[in-house]
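Protein sequence lines, in the order shown, are assigned to chains A and B. Each residue of the first sequence is one higher than the last, beginning at 34 in my numbering. Each residue of the second sequence is one higher than the last, beginning at 34 in my numbering. Heads up, the beta-carbon is just placed ideally off N, CA and C, and yes, glycines get one too.
There are 2 protein chains.
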Amino acid sequence: MRSLGKHFLAELFGCKSEIINNVELVEGHMKTSVLLSGATIVQSVFHTFSPYGVSGVVIVAESHLAVHTWPEHDYVAIDFFSCGDLECERAISNLQIGFGAERIEIKKIDRGVLEQLSPRKEEFLNRIEKQ
Amino acid sequence: MRSLGKHFLAELFGCKSEIINNVELVEGHMKTSVLLSGATIVQSVFHTFSPYGVSGVVIVAESHLAVHTWPEHDYVAIDFFSCGDLECERAISNLQIGFGAERIEIKKIDRGVLEQLSPRKEEFLNRIEKQ
Chain A
34 MRSLGKHFLA
44 ELFGCKSEII
54 NNVELVEGHM
64 KTSVLLSGAT
74 IVQSVFHTFS
84 PYGVSGVVIV
94 AESHLAVHTW
104 PEHDYVAIDF
114 FSCGDLECER
124 AISNLQIGFG
134 AERIEIKKID
144 RGVLEQLSPR
154 KEEFLNRIEK
164 Q
Chain B
34 MRSLGKHFLA
44 ELFGCKSEII
54 NNVELVEGHM
64 KTSVLLSGAT
74 IVQSVFHTFS
84 PYGVSGVVIV
94 AESHLAVHTW
104 PEHDYVAIDF
114 FSCGDLECER
124 AISNLQIGFG
134 AERIEIKKID
144 RGVLEQLSPR
154 KEEFLNRIEK
164 Q
């Protein structure tokens with residue numbers, strides 16, 4: 034299906050709780066994975082929850098990779114929104130290895146299916162380009 | 034279904050291109066929407082693309098709200114991951130109004146379904162709480 038973006042939602046089960054509760058390790062695996070996919074990092078934000086768990090997002094030029102971890106359940110939720118020609122599966126495989134996940138489930142969802150969109154607005158684009 | 038989180042993916046069609054190409058307006062609508070849902074903002078990151086389009090994420094204590102806009106197609110993709118008791122639909126409705134969207138499609142996906150998770154690790158929790 035032709036679309037503006039692909040959105041991968043991955044569920045990682047049986048992860049190592051000591052890894053996924055460590056914000057520096059989580060951030061490191063996320064950034065490595067983004068780079069392995071071929072994306073360009075724009076900015077990242079990571080946050081440690083009290084008493085446990087990590088949330089973070091890496092904004093990439095081609096969209097975002099977000100993570101939320103539940104060390105008390107050995108569980109990690111990932112979403113990777115890509116609007117470029119990225120190797121998202123490679124990034125997700127690297128996270129699976131890095132977090133020590135025993136099992137993974139991935140959903141791939143088309144975002145902005147071309148047939149549903151307004152036609153490309155040439156008048157708007159010309160105006161923006163002149164600014 | 035009992036799960037750790039709910040992930041809402043919303044497609045907004047027929048938005049006003051002048052609004053969704055303006056990073057300050059997009060960020061304002063996103064933050065207002067997060068607060069209307071009852072969430073607590075931890076941090077936010079917004080990024081303007083060249084020559085057009087905006088990407089951004091608001092990290093909330095209860096997870097994240099992300100946006101990507103394509104003004105040339107009047108289209109906005111939103112995802113709201115919530116692991117708390119938030120009014121996500123209220124946030125998304127506010128974005129629909131703020132971006133002037135003519136049509137919206139929403140998918141709601143359970144993340145971390147309880148039956149699939151490891152049992153709560155009391156030994157890990159006790160150790161973390163003593164640190």
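- For A/M34, the number of other beta carbons within 10 angstroms of its own is below 16, and it is reported as exposed.
- Assigned with DSSP and collapsed to three states, B/K163 falls in helix.
- Using a C-beta cut-off of 8 Å, the segment 77-89 of chain B makes no contact with the segment 145-161 of chain B, since fewer than three inter-stretch Cβ pairs fall below that distance.
- B/R144 is positioned such that its CB atom lies no closer than 8 Å to that of B/F46.
- At least one CB atom of chain A sits nearer than 8 Å to the CB of B/K154.
- Beta-bridge pairing by DSSP links B/S88 to B/H80, B/H101.
- Nearest CB-CB separation between A/D118 and chain B: not below the 8 Å threshold.
- Between the segment 34-44 of chain A and the segment 53-65 of chain A there are fewer than three inter-stretch CB-CB distances shorter than 8 Å, so the stretches are not counted as touching.
- With contacts defined by Cβ atoms closer than 8 Å, A/V90 and A/V59 do not form a contacting pair.
- Around B/V67, no beta-carbon contact reaches into chain A at under 9 Å, the shortest distance being about 14 Å.
- By the Cβ criterion, the segment 92-103 of chain B is in contact with the segment 90-101 of chain A, since at least three pairs of Cβ atoms, one from each stretch, lie closer than 8 Å.
- For B/S151, the C-beta contacts it makes with chain A under 8 Å involve F46, G47, H106, D107, Y108, in order along the chain.
- Non-local C-beta neighbours of B/W103 in its own chain, meaning closer than 7 Å and more than five positions away in sequence, comprise G86, ordered along the chain.
- Taking 8 Å as the cut-off, the beta carbon of B/P84 is found closer than this to the beta carbon of A/E162.
- The beta carbons of B/A134 and B/V109 sit closer together than 8 Å.
- A straight line joining the alpha-carbon of A/C116 with that of B/L147 spans about 31 Å.
- Boundaries of the alpha helix (DSSP H) around B/R123: 121-131.
- Under the Cβ distance rule, A/F157 counts among the residues neighbouring chain B, one pair being separated by less than 8 Å.
- Residue B/H106 holds the alpha-carbon nearest to the alpha-carbon of A/L150 among B/K140, B/G131, B/H106.
- A Cβ-Cβ distance of about 5 Å is found for the pair B/F132 and B/I53, placing them in contact under the 8 Å criterion.
- Cβ neighbours of B/R123 within its own chain (closer than 7 Å, five residues either side excluded): L69, S70.
- When C-alpha distances from B/I111 are compared across B/L37, B/F82, B/Q129, the shortest belongs to B/Q129.
- Taking 8 Å as the cut-off, the beta carbon of B/I139 is found closer than this to the beta carbon of B/I125.
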